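Asker: Below is the structure I would like to discuss, written out as structure tokens.
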Amino acid sequence: MRAILAKPWVWSFFAAGGVWLVTIMFTGGASTLGLSQAALTFAAFSIIVGLGQMFVITLGPGNVDLSIPATMTLAGTAALKVMDTSDGMVLAGIAVALAVGITIGVFNYALIKLLRIPPIIATLSSSFIVQSAAIWYNRGIRIKPPDVLSQFATASTFGVPNVAIVALVISALAWVILEKGIYGRWVSAIGQNMRAARLAGVPVDGTRFATYVLCAVLAALAGFLLSCFSGGAALNMGAEYLLTSIAVVVIGGTAVAGGFANVPGIWGASLFLFLVVSMLNTYGASAGVRMLFTGVIIIGVVVAASRKPAA
Amino acid sequence: MEATAPLADVLAVNGAEKSFGAVRALAGVDFFVRPGECVGLVGHNGAGKSTLVNIITGGARPDAGKVLVDGRDETASYGIATARANGLRCVFQELSLCPNLTVTENARITHRSISGFGWRVRAEALIRQKLDEVFPGHGIDSRAMIATLSIAERQMVEIATAFSESDRKVRLVVLDEPTSSLDASLARQLLAYVRKFVASGGSVVIISHILGEILSTADRVVVMKDGRVVADRSAADFTVDSLVAAMGSVVRARDAALAAHDYTGVRPVLKRSSQGAIDFVAYPGEIVGLAGLGGHGQTDMLVSLYLAEGGDWISRKDGKVAFVAGDRHVDGNLPLWSILKNLTLTVLPDLTRMGLVHTGEEANVAKKWRDRIEVRTQNLDNPILSLSGGNQQKVLFARALATRAPVVLMDDPMRGVDIGTKQEVYAILRSEAAKGRTFVWYSTEMEEVCQCDRVYVFREGTIVAELRGADTTEENILSASFSERAA
Numbered sequence: 017m018r019a020i021l022a023k024p025w026v027w028s029f030f031a032a033g034g035v036w037l038v039t040i041m042f043t044g045g046a047s048t049l050g051l052s053q054a055a056l057t058f059a060a061f062s063i064i065v066g067l068g069q070m071f072v073i074t075l076g077p078g079n080v081d082l083s084i085p086a087t088m089t090l091a092g093t094a095a096l097k098v099m100d101t102s103d104g105m106v107l108a109g110i111a112v113a114l115a116v117g118i119t120i121g122v123f124n125y126a127l128i129k130l131l132r133i134p135p136i137i138a139t140l141s142s143s144f145i146v147q148s149a150a151i152w153y154n155r156g157i158r159i160k161p162p163d164v165l166s167q168f169a170t171a172s173t174f175g176v177p178n179v180a181i182v183a184l185v186i187s188a189l190a191w192v193i194l195e196k197g198i199y200g201r202w203v204s205a206i207g208q209n210m211r212a213a214r215l216a217g218v219p220v221d222g223t224r225f226a227t228y229v230l231c232a233v234l235a236a237l238a239g240f241l242l243s244c245f246s247g248g249a250a251l252n253m254g255a256e257y258l259l260t261s262i263a264v265v266v267i268g269g270t271a272v273a274g275g276f277a278n279v280p281g282i283w284g285a286s287l288f289l290f291l292v293v294s295m296l297n298t299y300g301a302s303a304g305v306r307m308l309f310t311g312v313i314i315i316g317v318v319v320a321a322s323r324k325p326a327a
Numbered sequence: 295m296e297a298t299a300p301l302a303d304v305l306a307v308n309g310a311e312k313s314f315g316a317v318r319a320l321a322g323v324d325f326f327v328r329p330g331e332c333v334g335l336v337g338h339n340g341a342g343k344s345t346l347v348n349i350i351t352g353g354a355r356p357d358a359g360k361v362l363v364d365g366r367d368e369t370a371s372y373g374i375a376t377a378r379a380n381g382l383r384c385v386f387q388e389l390s391l392c393p394n395l396t397v398t399e400n401a402r403i404t405h406r407s408i409s410g411f412g413w414r415v416r417a418e419a420l421i422r423q424k425l426d427e428v429f430p431g432h433g434i435d436s437r438a439m440i441a442t443l444s445i446a447e448r449q450m451v452e453i454a455t456a457f458s459e460s461d462r463k464v465r466l467v468v469l470d471e472p473t474s475s476l477d478a479s480l481a482r483q484l485l486a487y488v489r490k491f492v493a494s495g496g497s498v499v500i501i502s503h504i505l506g507e508i509l510s511t512a513d514r515v516v517v518m519k520d521g522r523v524v525a526d527r528s529a530a531d532f533t534v535d536s537l538v539a540a541m542g543s544v545v546r547a548r549d550a551a552l553a554a555h556d557y558t559g560v561r562p563v564l565k566r567s568s569q570g571a572i573d574f575v576a577y578p579g580e581i582v583g584l585a586g587l588g589g590h591g592q593t594d595m596l597v598s599l600y601l602a603e604g605g606d607w608i609s610r611k612d613g614k615v616a617f618v619a620g621d622r623h624v625d626g627n628l629p630l631w632s633i634l635k636n637l638t639l640t641v642l643p644d645l646t647r648m649g650l651v652h653t654g655e656e657a658n659v660a661k662k663w664r665d666r667i668e669v670r671t672q673n674l675d676n677p678i679l680s681l682s683g684g685n686q687q688k689v690l691f692a693r694a695l696a697t698r699a700p701v702v703l704m705d706d707p708m709r710g711v712d713i714g715t716k717q718e719v720y721a722i723l724r725s726e727a728a729k730g731r732t733f734v735w736y737s738t739e740m741e742e743v744c745q746c747d748r749v750y751v752f753r754e755g756t757i758v759a760e761l762r763g764a765d766t767t768e769e770n771i772l773s774a775s776f777s778e779r780a781a
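Going down the list, the protein sequences come from chains A and B.
Here this note's numbering is used: the first residue of the first sequence is 17, the next is one more, and so on.
Here this note's numbering is used: the first residue of the second sequence is 295, the next is one more, and so on.
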């Protein structure tokens with residue numbers, strides 16, 4: 017038990033569970049199933065982008081990907097336009113979304129490496145370019161996803177939303193490469209001390225490059241799923257995931273300063289963030305109050321996490 | 295000493311001792327400076343000069359011994375403030391100006407008495423007048439930001455600031471390597487000013503590795519070695535050669551007479567042309583030493599040798615070189631990790647199948663090296679920082695030795711390592727070299743350099759000498775390390 021309590025990610029689950037209970041009690045238990053399913057569904061998108069952001073943040077101070085929202089939008093838009101509501105084009109649509117992700121990831125790291133721009137500026141400026149590309153490509157036309165995809169994205173299997181299952185599979189893969197793979201070791205080593213990692217034979221450029229590409233691909237995938245789930249791509253559909261992707265990493269117990277990451281915490285944090293918002297909703301709080309609370313919670317967690325010794 | 299000195303010493307240190315952990319930096323030092331005297335302080339790296347200067351300037355307290363100012367015992371209350379109040383100034387080797395402030399503003403920091411309305415004008419006049427006096431024709435704009443000045447100009451500003459007077463008279467100035475970044479003509483100007491300052495009754499302690507300028511400027515030369523004063527004589531009694539001899543220890547008898555190997559026809563494993571006349575080469579099974587004073591380009595050379603082998607993008611499973619960091623906090627440790635993960639990082643590609651690390655094999659490799667190099671820990675899963683410094687260093691050794699790399703680069707890796715461990719590591723190096731591994735070993739310790747088959751001596755970023763076999767003596771290395779440029 018003590019070993020479990022010592023894990024940095026259990027607290028996000030406790031918090032999520034607590035908020036879940038409070039909300040259920042308020043509604044008299046009427047919404048238990050609905051709330052749980054909604055939480056899993058919406059958390060799934062945060063989880064997928066959060067995993068990518070987690071690897072990037074683990075690379076160490078200054079590493080963050082701010083192009084996630086734009087990547088989600090462009091990937092969703094481009095995929096839907098290519099598929100053009102045809103069920104036969106589903107695989108082509110997924111391929112387009114992934115290609116968008118890979119391209120943006122390569123472009124981001126090219127900016128960082130070739131032009132020596134700090135990642136925060138590089139990804140922010142590339143996000144403007146990507147967002148503009150989405151606007152130009154989409155021209156304001158909202159295309160519906162193919163029926164088979166919108167059904168898949170909104171349905172559940174044995175009561176578990178399909179998008180949550182997708183997120184679970186991706187999380188399992190992320191956990192394996194982080195905890196068991198050499199790539200995870202390298203990311204963690206770079207995040208602790210880049211110079212020492214380089215002098216110990218870690219291929220620093222290759223690892224960082226792969227990480228930025230991985231993050232963009234996961235964002236593209238999340239954008240694809242989200243546009244199928246919500247019945248079409250909107251230009252602002254990624255906007256809220258900028259802060260969310262960073263918040264779930266931090267609340268989930270990954271070290272903000274880099275070098276230490278963990279996957280389960282992303283789940284707890286994503287569920288927690290969604291449940292806080294729905295709890296405030298059931299209490300009838302306004303949008304302003306909801307955002308205020310979200311901000312206060314993130315600050316609180318960062319302060320609390322910085323006082324704990326690193327794991 | 296002499297009857298003609300009725301004035302009390304400006305500053306004296308009696309029987310000063312100072313230890314940092316297990317390292318004894320000062321082992322009972324007597325040192326004094328008379329009014330109107332320039333004292334030269336020389337010694338090898340680690341001889342204790344910097345520690346002595348720190349005690350004089352109040353930056354460190356001696357563990358034992360006394361500090362006397364004008365003959366008064368000030369030991370109890372001596373600190374940086376007391377030192378300054380008694381007119382003592384210091385120009386440190388590491389430049390201590392604020393780069394984001396102007397020359398004038400930096401001068402104001404040391405002169406707290408310049409305050410109130412119009413301080414800027416007064417501070418500017420003060421520093422400009424002193425710069426003109428010490429370095430005529432210097433061409434430094436006192437309103438320029440320090441960051442925009444060259445390293446030599448910064449050094450000049452620092453020196454002028456130290457000699458400038460506002461409310462208190464400057465009585466003793468300690469110059470730690472003042473000419474290291476000045477060219478010959480600026481160095482001449484400074485040394486001429488030092489003589490003038492001394493002639494007017496001031497005192498100066500000058501530390502320099504350029505022995506010629508010590509001999510021409512100082513009245514008296516104090517030689518330190520291993521935390522003790524080993525010679526204290528009038529400068530006129532020394533020559534450059536006798537000074538070098540006084541700094542070095544007795545040449546130790548070597549374990550075995552190392553014959554100079556003949557490598558003609560053998561392909562070198564590592565090669566690098568340098569800007570200087572001497573190129574760097576290393577042959578299989580050789581232990582090549584990099585010597586010279588600290589910070590003269592040895593580490594840069596090792597790092598660039600390492601980086602030249604590539605591996606930025608794709609990990610080299612059959613990497614040619616491995617690196618042992620000396621500055622373990624900057625170049626070596628991964629502080630969040632366990633001993634095990636720190637130890638296996640470099641060898642990890644060998645323990646990986648399909649991208650996944652084989653943890654069983656990893657644990658075996660770590661155990662094998664823990665036993666071989668005797669890392670003192672019960673549990674390899676403990677954090678790396680739970681180990682003592684010497685044991686952390688052993689882990690970094692194991693990290694490099696566990697690989698199959700035929701060349702191991704070592705960046706003064708024995709700092710903070712106790713003598714017993716050193717002997718163990720020397721033995722491992724010898725046996726690995728006998729198996730054909732090449733070691734390139736930068737060390738600031740003579741004893742280690744003398745273990746090498748061949749030694750390159752560095753000065754100011756380039757190789758200035760190559761010594762082999764019986765020529766690898768402390769005396770030869772020292773004389774090659776010190777420039778004999780006349781001041």
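We put the beta carbon where it would ideally sit given N, CA and C, even for glycine.
Computed from a prediction, not measured in an experiment: that's the story for all the values here.
1) Exposed or buried, what is Ser28 (chain A) when buried is set at 16 or more other beta-carbons lying within 10 Å of its beta-carbon?
2) What number of angstroms, rounded off, separates the C-alpha of Ile63 (chain A) from the C-alpha of Gln69 (chain A)?
3) Would you say Ala694 (chain B) and Val618 (chain B) are within 8 Å of each other, going by their C-beta atoms?
4) What does a CB cutoff of less than 7 Å around Phe288 (chain A) pick up in its chain, not counting 5 residues either side in sequence?
5) Would you call Ala551 (chain B) buried or exposed, if buried means 16 or more other Cβ atoms sit within 10 Å of its Cβ?
6) I'd like the span of the beta strand (DSSP E) that includes Asp704 (chain B), first residue to last.
7) Please classify Glu768 (chain B) as buried or exposed, where buried requires at least 16 neighbouring CB atoms within 10 angstroms.
8) Using a cut-off of 8 Å between C-beta atoms, extract the partners of Leu215 (chain A) located in chain B.
9) Which runs of the alpha helix (DSSP H) fall wholly inside the region 549 to 615 of chain B and span at least 4 residues, in chain order?
10) Spatial neighbours of Ala660 (chain B) within its chain, please: C-beta separation below 7 Å, excluding the five flanking residues on both sides.
11) Tell me, which residues are paired with Gly337 (chain B) by DSSP?
12) Buried or exposed, going by whether 16 or more other CB atoms sit within 10 Å of the CB of Gly117 (chain A)?
13) Give a yes or no on contact between the region 730 to 748 of chain B and the region 566 to 586 of chain B, applying the rule of three or more CB pairs nearer than 8 Å.
14) Less than 8 Å between CB atoms is the rule here; does Ala232 (chain A) satisfy it with respect to chain B?
15) Taking 8 Å as the limit between beta carbons, can you name the residues of its chain near Gln483 (chain B), skipping five residues before and five after?
16) Is the region 38 to 51 of chain A in contact with the region 203 to 219 of chain A, if contact means three or more CB pairs nearer than 8 Å?
17) Using a beta-carbon distance cut-off of less than 9 Å, what residues from the region 22 to 39 of chain A approach chain B?
18) Taking the alpha helix (DSSP H) that Tyr750 (chain B) belongs to, which residues open and close that run?
19) Closer than 9 Å, Cβ to Cβ, to anything on chain B: give me those residues from the region 124 to 149 of chain A, in chain order.
20) Which two residues bound the contiguous alpha helix (DSSP H) that contains Asn154 (chain A)?
21) Does the separation of the CB atoms of Ala529 (chain B) and Leu509 (chain B) fall below 8 Å?
22) Classify Val544 (chain B) as helix, strand or coil using the three-state DSSP reduction.
23) Between the C-alpha atoms of Arg395 (chain B) and Gly275 (chain A), what's the straight-line distance to the nearest angstrom?
24) Looking at Leu320 (chain B): is its Cβ nearer than 8 Å to the Cβ of Glu331 (chain B)?
25) Out of curiosity, what's the CA-to-CA distance linking Ile282 (chain A) and Val312 (chain A)?
26) To the nearest angstrom, report how far apart Gly239 (chain A) and Val182 (chain A) are at their CA atoms.
27) Buried or exposed: Trp152 (chain A), going by 16 or more other Cβ atoms within 10 Å of its Cβ?
28) Return the chain-ordered ranges of every beta strand (DSSP E) run that is complete within the region 458 to 543 of chain B and spans a minimum of 3 residues.
29) What first and last residue would you give for the beta strand (DSSP E) that runs through Asn308 (chain B)?
30) Per DSSP, what kind of secondary structure is Val317 (chain A) in: helix, strand or coil?
31) Roughly how many angstroms separate the alpha carbons of Thr640 (chain B) and Ala616 (chain B), rounded to a whole number?
32) Please give the ranges of any beta strand (DSSP E) in the region 330 to 415 of chain B, keeping only runs that are unbroken, at least 3 residues long and fully inside the region.
33) At least one CB of chain A closer than 8 Å to the CB of Arg664 (chain B): is that the case?
34) Could you tell me which residues DSSP pairs with Glu760 (chain B) in its beta bridges?
35) Phe325 (chain B) by DSSP, collapsed to three states: which one?
36) With contact counted as at least three CB pairs below 8 Å, one residue from each stretch, are the region 85 to 102 of chain A and the region 132 to 149 of chain A in contact?
Answerer: The relevant details are as follows:
1) Residue numbering aside, residue 28 (chain A) sits at position 12 when the first sequence is read from its first letter. Buried, by the Cβ-count rule.
2) Numbered from 1 along the first sequence, position 47 holds the residue referred to as residue 63 (chain A). Numbered from 1 along the first sequence, position 53 holds the residue referred to as residue 69 (chain A). Straight-line Cα distance between these residues: approximately 10 Å.
3) What you label residue 694 (chain B) is simply residue 400 of the second sequence in a count that begins at 1. What you label residue 618 (chain B) is simply residue 324 of the second sequence in a count that begins at 1. Closer than 8 Å, so yes.
4) Position 272 of the first sequence, counting from 1, holds the residue named residue 288 (chain A). Result list for Phe288 (chain A): Ser28, Ala31, Ala32, Val35, Ile267, in chain order.
5) Here residue 551 (chain B) is taken as the residue at index 257 of the second sequence, counted from 1. Its pLDDT being 41, under 50, Ala551 (chain B) is placed unreliably by the model, and nothing is read from it.
6) In the second sequence, residue 704 (chain B) corresponds to position 410, counting from 1. Contrary to the premise, residue 704 (chain B) reads as Met rather than Asp in this sequence. Here the beta strand (DSSP E) through Met704 (chain B) covers 701 to 705.
7) By 1-based counting over the second sequence, the position of residue 768 (chain B) is 474. The residue is buried, with at least 16 neighbouring Cβ atoms inside 10 Å.
8) Within the first sequence, numbered from 1, the residue matching residue 215 (chain A) stands at position 199. Simply Val597, Tyr600, Phe617, Ala619, Asp625, Gly626.
9) 592 to 601
10) Along the second sequence, one-based indexing puts residue 660 (chain B) at 366. Once the five neighbours on either side are set aside, the close Cβ partners of Ala660 (chain B) are Leu634, Leu637, Thr638, Leu674.
11) Position 43 of the second sequence, counted from the first residue, corresponds to residue 337 (chain B). Note: Gly337 (chain B) sits in a beta bridge opposite B:Met518.
12) Position 101 of the first sequence holds residue 117 (chain A). The residue in question, Gly117 (chain A), is buried, as its Cβ has 16 or more Cβ neighbours within 10 Å.
13) Touching, yes, given that three or more Cβ pairs across the two stretches are closer than 8 Å.
14) The count along the first sequence starts at 1 and reaches residue 232 (chain A) at position 216. No, Ala232 (chain A) does not count as interfacial toward chain B.
15) As a first step, residue 483 (chain B) must be located in the second sequence, where it is residue number 189. These residues qualify, in order along the chain: Val428, Phe429, Pro430.
16) no
17) none
18) Residue 750 (chain B) sits at position 456 when you count from the first residue of the second sequence. Tyr750 (chain B) -> not in any alpha helix (DSSP H); beta strand (DSSP E) instead, spanning 748 to 753.
19) Identification of residues in the region 124 to 149 of chain A having a C-beta nearer than 9 Å to some C-beta of chain B yields an empty set.
20) As a working mapping, residue 154 (chain A) is identified with position 138 in the first sequence. From DSSP, the alpha helix (DSSP H) with Asn154 (chain A) extends over 135 to 154.
21) As a working mapping, residue 529 (chain B) is identified with position 235 in the second sequence. As a working mapping, residue 509 (chain B) is identified with position 215 in the second sequence. Contact: yes.
22) Within the second sequence, the letter at position 250 stands for residue 544 (chain B). Low confidence applies here, because Val544 (chain B) scores a pLDDT of 39, under 50, leaving its location unreliable and the question unanswered by this model.
23) As a working mapping, residue 395 (chain B) is identified with position 101 in the second sequence. As a working mapping, residue 275 (chain A) is identified with position 259 in the first sequence. The residue you asked about is not Arg; residue 395 (chain B) is Leu in the sequence shown. Taking the straight line joining both Cα atoms gives about 35 Å.
24) Residue 320 (chain B) sits at position 26 when you count from the first residue of the second sequence. Residue 331 (chain B) sits at position 37 when you count from the first residue of the second sequence. Going by C-beta atoms, Leu320 (chain B) is not nearer than 8 Å to Glu331 (chain B).
25) Position 266 of the first sequence holds residue 282 (chain A). Position 296 of the first sequence holds residue 312 (chain A). C-alpha separation (whole angstroms): 19 Å.
26) On the first sequence, position 223 is the one that residue 239 (chain A) refers to. On the first sequence, position 166 is the one that residue 182 (chain A) refers to. Computed Cα separation, rounded: 13 Å.
27) Locating residue 152 (chain A) in the first sequence gives position 136, where the first residue counts as 1. Trp152 (chain A) is exposed by the Cβ-count criterion.
28) 466 to 470, 497 to 501, 514 to 519, 522 to 528
29) Residue 308 (chain B) sits at position 14 when you count from the first residue of the second sequence. First-last of the beta strand (DSSP E) with Asn308 (chain B): 305 to 314.
30) Within the first sequence, residue 317 (chain A) is the residue found at index 301, counting from 1. Three-state result, Val317 (chain A): helix.
31) Position 346 of the second sequence, counting from 1, holds the residue named residue 640 (chain B). Position 322 of the second sequence, counting from 1, holds the residue named residue 616 (chain B). Answer to the nearest angstrom: the Cα atoms are 8 Å apart.
32) 332 to 337, 358 to 363, 382 to 385
33) Residue 664 (chain B) sits at position 370 when you count from the first residue of the second sequence. No, its Cβ sits nowhere closer than 8 Å to a Cβ of chain A.
34) Against the second sequence, residue 760 (chain B) aligns to sequence position 466. Per DSSP, B:Tyr750.
35) Your numbering for residue 325 (chain B) matches position 31 in the second sequence. Strand, per DSSP.
36) Touching, yes.
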